[in-house]
Structures are given as structure tokens and as C-alpha cells.
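Below is one structure, written out as C-alpha cells; comments come after it.
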Amino acid sequence: MQEPIRTPDMLEYAVEKTFLDITEPLDQFISLKLLQVVQSLVRIAYAMGHQDAMRLGSSGSLCAACPHRAEG
């Protein structure tokens with residue numbers, strides 16, 4: 017069975033930091049709930065982009081920066 021696609025840690029950190037900075041004036045609970053929604057959307061978008069690249073890649077190889085390039 018294929019392992020799930022994992023969003024890179026730096027992307028996760030960047031989303032968290034940016035979104036928490038933006039929502040700082042809000043109630044903490046609301047801010048964290050909104051962050052969870054945004055993180056979920058980022059993970060879905062990353063997985064969809066990864067699958068599209070695997071299926072539609074123009075050169076037939078993954079980008080050198082892709083953390084999943086070892087997958088075969």
C-alpha cells in the first residue's frame with residue numbers, strides 16, 4: 017500500500033506562523049479552529065498537486081526539490 021503524501025514540514029510551519037500572525041487579534045479558540053481548516057486545505061492542495069505532477073509531469077521526473085522524489 018502506498019504511503020500517504022506528507023506536506024513538507026517547512027510548508028506546515030510557514031502556514032501556521034503566517035495564519036496565527038494574521039488571526040492574532042481574534043479569540044484564541046477561533047484562531048486555532050481556523051488554522052486547522054487552513055492546514056487541512058493546504059494538505060489537500062499539496063496532495064492534489066503531487067498527484068497531478070506524478071500523472072502529468074512533462075519531463076517524466078519529479079522536481080529536484082520534491083521531498084517525495086525517492087518514491088518510485
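Residue numbering for the sequence shown follows our numbering, beginning at 17 and increasing consecutively.
The C-beta atom is built at its ideal place from N, Cα and C for all residues, glycine as well.
Remember, it's a predicted structure, so these values are computed and weren't measured experimentally.
Quick check on the DSSP output: the alpha helix (DSSP H) that includes Gln18 runs from which residue to which? Here Gln18 belongs to no alpha helix (DSSP H), and DSSP marks it neither H nor E.
For Thr34, report the span of its alpha helix (DSSP H) as first-last. Asp25 to Ile38
DSSP state of Asp43, grouped into three classes? coil
Let's test the definition: count the other Cβ atoms within 10 Å of the Cβ of Phe45 and tell me whether it reaches 16, buried, or not, exposed. exposed
Give the C-beta separation of Leu51 and Glu28 to the nearest angstrom, bearing in mind that I take them to be a contact with Cβ-Cβ under 8 Å. About 11 Å; that fails the 8 Å criterion.
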